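**Student:**
Chains as they are written, first to last, in my numbering: chain A, 1 to 570; chain B, 571 to 1140.
1. Can you name the start and end residues of the beta strand (DSSP E) that residue 47 of chain A belongs to?
2. For residue 316 of chain A, which residues in chain B fall below 8 Å Cβ to Cβ?
3. Considering only residues of the same chain and omitting the five flanking positions on each side of residue 581 of chain A, which have a CB-CB separation below 6 Å?
4. Please report the distance separating the alpha-carbon of residue 1124 of chain B from that of residue 292 of chain A.
5. Quick check: what's the CA-CA separation for residue 481 of chain A versus residue 368 of chain A?
6. Cβ of residue 741 of chain B within 8 Å of Cβ of residue 763 of chain B?
7. Based on the DSSP secondary-structure assignment, which residues constitute the bridge partners of residue 530 of chain A?
8. Would you mind telling me which residues of chain A sit closer than 7 Å to residue 745 of chain B, beta carbon to beta carbon, in chain order?
9. For residue 212 of chain A, verify whether its CB is less than 7 Å away from any heavy atom of the ligand GTP.
10. Taking only the alpha-carbon atoms, compute the straight-line gap between residue 958 of chain B and residue 1043 of chain B and give it to the nearest angstrom.
11. So what's residue 594 of chain B in DSSP terms, helix, strand or just coil?
12. If you follow the beta strand (DSSP E) that residue 1126 of chain B is in, where does it begin and where does it stop?
13. What separation, rounded to the nearest whole angstrom, lies between the Cα atoms of residue 122 of chain A and residue 920 of chain B?
14. Report the option in B:778, B:788 and B:1000 whose CA atom is closest to the CA atom of residue 746 of chain B.
15. Name the chain B residues that come within less than 7 Å of residue 180 of chain A, Cβ to Cβ?
16. For a cutoff of 8 Å on Cβ pairs, would you count residue 540 of chain A as touching chain B?
17. Can you give me the C-alpha to C-alpha distance between residue 716 of chain B and residue 997 of chain B, rounded to a whole angstrom?
18. Name the residue from B:576, B:905, B:1028 and B:639 whose alpha carbon lies nearest to the alpha carbon of residue 202 of chain A.
19. Along the beta strand (DSSP E) that carries residue 165 of chain A, what are the first and last residues, could you check?
20. Would residue 675 of chain B pass as a contact of residue 708 of chain B if the rule is Cβ separation under 8 Å?
21. Residue 255 of chain A touches chain B at which residues, Cβ-Cβ below 9 Å?
22. Using a Cβ-Cβ distance cut-off of 8 Å, determine whether residue 753 of chain B contacts chain A.
23. Looking only at C-alpha atoms, which of A:424, A:99 and A:275 sits nearest to residue 544 of chain A?
24. Quick one: any contact between the region 612-620 of chain B and the region 650-665 of chain B, if contact means 3 or more CB pairs under 8 Å?
25. Quick one: which chain A residues come within Cβ less than 7 Å of residue 828 of chain B?
26. Within its chain, find whatever has a CB closer than 6 Å to the CB of residue 26 of chain A; leave out the 5 residues flanking it on each side and keep chain order.
27. Relative to the C-alpha of residue 241 of chain A, which residue among A:570, A:281, A:469 and A:558 is closest?
28. Determine, using beta carbons only, whether residue 713 of chain B and residue 936 of chain B come nearer to each other than 8 Å.
29. In angstroms, rounded to a whole number, what distance separates the CA positions of residue 660 of chain B and residue 859 of chain B?
30. Check the C-beta distance from residue 1138 of chain B over to residue 956 of chain B and give it rounded, since I have them as a contact under 8 Å.
31. Looking at C-alpha atoms only, which residue of B:1056, B:1118, B:1101 and B:581 is the closest neighbour of residue 210 of chain A?
32. Beta-carbon separation of residue 874 of chain B and residue 882 of chain B under 8 Å?
33. To the nearest angstrom, how far is it from the Cα of residue 592 of chain A to the Cα of residue 35 of chain A?
34. Under 7 Å between beta-carbons, which chain B residues line up against residue 45 of chain A? List them in chain order, please.
35. If contacts are defined as beta-carbon pairs under 8 Å, then residue 1073 of chain B and residue 876 of chain B qualify, I think. What distance do you get, rounded to the angstrom?
36. Please classify residue 471 of chain A: is it buried, with 16 or more other beta-carbons within 10 angstroms of its beta-carbon, or exposed?
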């Protein structure tokens, strides 16, 4: 096995591929070098002067180790792993630490297994973290529960790399027995545990870290970064679609540099397609003044070290030939991408076929509910004043406004007001649960709209000014197996986009999915949804009962600040 | 398991031990901090403000992660692992990457197993590398042979951490099948392989690295360091007794700092006792101008990262409480040493008992030979001119001088000349092999002296001007089970120091062993050995057939430059 590398390294035989006369990044020395890079099989065998069976002139190009995304939820792209890879690999990312938190909340371990198997035939190393918080909170009904015992069993699976972001911070510091079982199971297997501990500090952070947690991607300021790095955490600089903290890069210095890594966390298909993946992060970091050598080191060697990815993240003899050849370290336009020595993308286009999807039954038809009727959306409020949810522009933080309600036949009158009905319909266990609320200021009128993405349990979230349209919307989502829907009361028109994989992702190609999604989103705006919001995706966070202030789950209205359910009556 | 850490981290219960008001080194930020360090069981649970069941005032002291020696042969101390630990742990070293190359060349895997078992009850983490070169060369008879097949079997052993320094550089680059088998076996187990490749560069270094080798401790200049780091190697800064390259520290800069680590390689008991271990390296590095923060980081976090020692090498919540409390970062005098949270040394003295030795039969009585007589040392030279070995002052490099020989009764007359007879007597397999040579300029007269340490196969190496005394010396070494001996022809006196463990190390306490060793060494000088030489230890390298120029093994005289045996006749 080693012989072929050694002989080519010694120039006794030609290398398979030689990148000739390249400028290349030496991450160990933090500088650029000039010369040939020789590849044999899956490895780099040497730098210096080499002849290859195939030679690529890189005299005007720059060769970098290809990028490693330290933390990502593939589901946020709404794409299958195959399609996701077809977007990010051509951008230069060849390894991701993926936390299939969303699909596992819907499908349980079948969701994890699906991501693992779907990733087998694509030139992207998908290191799979076992989701640690399924469900994320006890305040909603999820499709699956992974308790401590399940974690003990599943963390041992070969396809499981580590334990996913441990969001249940109170559970750790309060020594919840089931939480400790999960953490201890990961330790017993010597697997890395990702963190998620916004604004935690002092002895609380110490306690959280004593759960054996290694990383954080939620830092918001210098003090937080400083303390977390001081206490041994690797800190992710994040370039998601909504949640970004590239600005944290200004706190990187020569002394702490090795403890920073890059991630995208949640990134939409449109962003991936139009702006890119980690290449976009690098572009912006460098434009904002970060040393390009440091920027790339964060995305390569540092991330490999953090996650113990041996022989990855650098250009050196015997290191895996995971390489991206870019035009320069300002634009980071990927000209060639190599994964394990194979050329897998050229000028931004994948050279691998992802047309065939792995698509097991276990992740399809995941919308389970009894047919709903208009009566299910009647809102019987016992007072004249009620709490209405509001939403900050472009954000996920919600507010609570006390509104006067007009009653009409045992229901709240919303038509002709700036109020809408909001409902979360349980879709996993046929519990019949429906959480109901009022929603102010979104702008939609004349029907209903809904989506089967509703963080983190992904029940159906619906809004509307017409009970029958809301029932029709929910029933349609069941029929199509999940996705997004709009029902127009006036015309009776029902428009939808199917997200067949767990109601979260589509098995279609990115381009046609996006086209249809965009059309549907435009339809929502045409029906009044203000352009301040992302039409459907803004809804998807109204159920996330860990972000202030007022949220709605299938179990009811939830006051995040009091951490308890609350009546709609004010 | 985690609960006790978390509760104390959160200050719900007192920590076991708190180092109060300490200055402590934050290796992640490259700076000093001030505060308490709380320890529970084997781990640090927090930094900040803590109360402890036991509290130690550190307001005038500095707390560092305790040191990790990246590469050491315990045998070079001539002490048992227990006694070795009693010298180095109080100096602040609590983890070593140990390569039992010497004892394995004598005893085979029984030697490895002995070191592993003898290390079980001492507060020193001994990470054991499987020696890769047993024998080191095919030009001598060793006590054991570990071929590729043996390596495949033994690398899987639980007590084996990695593969020891791969000195057979030609074997790697020439794709020797048995060599590749060894390297591949280590890869298959995902175990680290240490390197040893002096002066290797360019495509030859690339080829060597394609053996999957990670480290080097033999660098001699800036160019070599630069290239080796560029190609992904970790470079050890070495502080051995004879072989030192602390001067290489001047090539450390902010960009390459993370790729340097510290080691001692070979360090004598006297040095350990009088000057210290890595603490001595740190003292000197800092005295020579290296930033003390960097110096300690080399010996802690960097070394832990290189060898994948998780949760070791830093002061942070959940990291192992391997700590050394020093007076300051100039003197590095260790006041307290903690290993896995236990106080194991105080003011330079061990707090652990090493009086009981693990001493299996397999490493005792390892000198196997038939009784020798004066006739065995007759030197029948077929010409008037012969090659005589010479030795550089204080070094291990030898020369070759052509000398006129006077013959007397079929033997060479050495008495009254500046020549001595030198012999290597095979002592493992009863082959009866004796390699014979002439040795010039050492100064010894009036008998014979010898030792059972002769790198790397550790046969008996003897010199003398009296055949009968040489026979007596060899026979005495057999009787005492290995060690050092002087036979005085005039008085008939036989003086010796026993090295009962494999003929390499003593099971005695360091102090009494050293006393006797010093006395014997003085006796050698009294019989004429020039003070330029280390009396016995200078002999031990005359058989090392990989260091220029002329060497002697049990198979004969060896020309290292021609890499072939050579007749004694000139």
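Glycine is no exception: its CB is placed at the ideal position from the N, C-alpha and C atoms. Computed from a prediction, not measured in an experiment: that's the story for all the values here.
**Tutor:** Looking at the atomic coordinates:
1. Taking the first chain and counting its residues from 1, one reaches residue 47 of chain A at position 47. That run of the beta strand (DSSP E) goes 43-48.
2. Walking along the first chain from the start, residue 316 of chain A turns up at place 316. Correct list: 779, 800, 801 and 802.
3. The requested residue 581 of chain A is not part of the displayed model; chain A covers only 1 to 570.
4. Here residue 1124 of chain B refers to the residue found at position 554 when the second chain is read from its first residue. Here residue 292 of chain A refers to the residue found at position 292 when the first chain is read from its first residue. Taking the straight line from one Cα to the other gives about 58 Å.
5. Counted from its first residue, the first chain places residue 481 of chain A at position 481. Counted from its first residue, the first chain places residue 368 of chain A at position 368. Those two C-alpha atoms are separated by around 9 Å.
6. Taking the first residue of the second chain as 1, we reach residue 741 of chain B at position 171. Taking the first residue of the second chain as 1, we reach residue 763 of chain B at position 193. Between residue 741 of chain B and residue 763 of chain B, the CB-CB gap reaches or exceeds 8 Å.
7. Translated into the one-based positions of the first chain, residue 530 of chain A becomes position 530. Within the DSSP bridge table, the entry for residue 530 of chain A names no partner.
8. Along the second chain, one-based indexing puts residue 745 of chain B at 175. Ordered by position in chain A, the residues that pass the 7 Å Cβ test against residue 745 of chain B are 3, 6 and 7.
9. Here there are no bound small molecules, and the ligand GTP is not part of this structure.
10. Position 388 of the second chain holds residue 958 of chain B. Position 473 of the second chain holds residue 1043 of chain B. Computed Cα separation, rounded: 22 Å.
11. Within the second chain, numbered from 1, the residue matching residue 594 of chain B stands at position 24. In the structure shown, residue 594 of chain B sits in a strand (DSSP, three-state: E or B).
12. In the second chain, counting from the first residue as 1, residue 1126 of chain B sits at position 556. For residue 1126 of chain B, the enclosing beta strand (DSSP E) begins and ends at 1126-1129.
13. As a first step, residue 122 of chain A is located in the first chain; it is residue number 122 there, counting from the start. As a first step, residue 920 of chain B is located in the second chain; it is residue number 350 there, counting from the start. In this model, residue 122 of chain A and residue 920 of chain B are separated by some 56 Å (Cα to Cα).
14. Locating residue 746 of chain B in the second chain gives position 176, counting from the first residue. Considering only alpha carbons, the answer is B:778.
15. Here residue 180 of chain A corresponds to residue number 180 of the first chain, with the count starting at 1. Within 7 Å Cβ-Cβ: 572 and 573.
16. In the first chain, counting from the first residue as 1, residue 540 of chain A sits at position 540. Closer than 8 Å: no.
17. To locate residue 716 of chain B, count along the second chain from 1; it is residue 146. To locate residue 997 of chain B, count along the second chain from 1; it is residue 427. Rounded to the nearest angstrom, the two C-alpha atoms are 18 Å apart.
18. The residue given as residue 202 of chain A occupies position 202 in the first chain. Answer by Cα proximity: B:576.
19. Residue 165 of chain A sits at position 165 when you count from the first residue of the first chain. Element bounds for residue 165 of chain A: 160-166.
20. Counting from 1 along the second chain, the entry for residue 675 of chain B is found at position 105. Counting from 1 along the second chain, the entry for residue 708 of chain B is found at position 138. No; because the gap between Cβ atoms is not below 8 Å, this pair is not in contact.
21. Counting from one through the first chain, the residue named residue 255 of chain A turns up at place 255. Neighbours of residue 255 of chain A across chain B, judged by C-beta separation under 9 Å: 598, 599, 600, 601, 824 and 863.
22. Along the second chain, read from residue 1 onward, the residue named residue 753 of chain B stands at position 183. With 8 Å as the cut-off, residue 753 of chain B counts as an interface residue toward chain A.
23. On the first chain, position 544 is the one that residue 544 of chain A refers to. Answer by Cα proximity: A:424.
24. Touching, no.
25. Indexing the second chain from 1 puts residue 828 of chain B at position 258. Here the neighbours are 258.
26. Here the question's residue 26 of chain A lines up with position 26 in the first chain. Around residue 26 of chain A: 33.
27. If you number the first chain from 1, residue 241 of chain A lands on position 241. Checking every option, the nearest Cα to that of residue 241 of chain A belongs to A:281.
28. Working through the second chain from its first residue, we reach residue 713 of chain B at position 143. Working through the second chain from its first residue, we reach residue 936 of chain B at position 366. In contact: residue 713 of chain B and residue 936 of chain B (Cβ atoms closer than 8 Å).
29. Taking the second chain and counting its residues from 1, one reaches residue 660 of chain B at position 90. Taking the second chain and counting its residues from 1, one reaches residue 859 of chain B at position 289. Spanning the two alpha carbons is a distance of roughly 25 Å.
30. Taking the second chain and counting its residues from 1, the one referred to as residue 1138 of chain B is at position 568. Taking the second chain and counting its residues from 1, the one referred to as residue 956 of chain B is at position 386. About 5 Å separates the two Cβ atoms, so the contact holds.
31. Residue numbering aside, residue 210 of chain A sits at position 210 when the first chain is read from its first letter. Measuring from the Cα of residue 210 of chain A, the nearest candidate turns out to be B:581.
32. Indexing the second chain from 1 puts residue 874 of chain B at position 304. Indexing the second chain from 1 puts residue 882 of chain B at position 312. Going by C-beta atoms, residue 874 of chain B is nearer than 8 Å to residue 882 of chain B.
33. Since the first residue of chain A shown is 1 and the last is 570, residue 592 of chain A is not available in this structure.
34. In the first chain, residue 45 of chain A corresponds to position 45, counting from 1. Close partners of residue 45 of chain A in chain B (Cβ separation under 7 Å): 776 and 780.
35. For the purposes of this step, residue 1073 of chain B is taken as the residue at position 503 of the second chain. For the purposes of this step, residue 876 of chain B is taken as the residue at position 306 of the second chain. Their Cβ separation, rounded to whole angstroms, is 33 Å, which puts residue 1073 of chain B and residue 876 of chain B out of contact at 8 Å.
36. Along the first chain, read from residue 1 onward, the residue named residue 471 of chain A stands at position 471. That one is buried.
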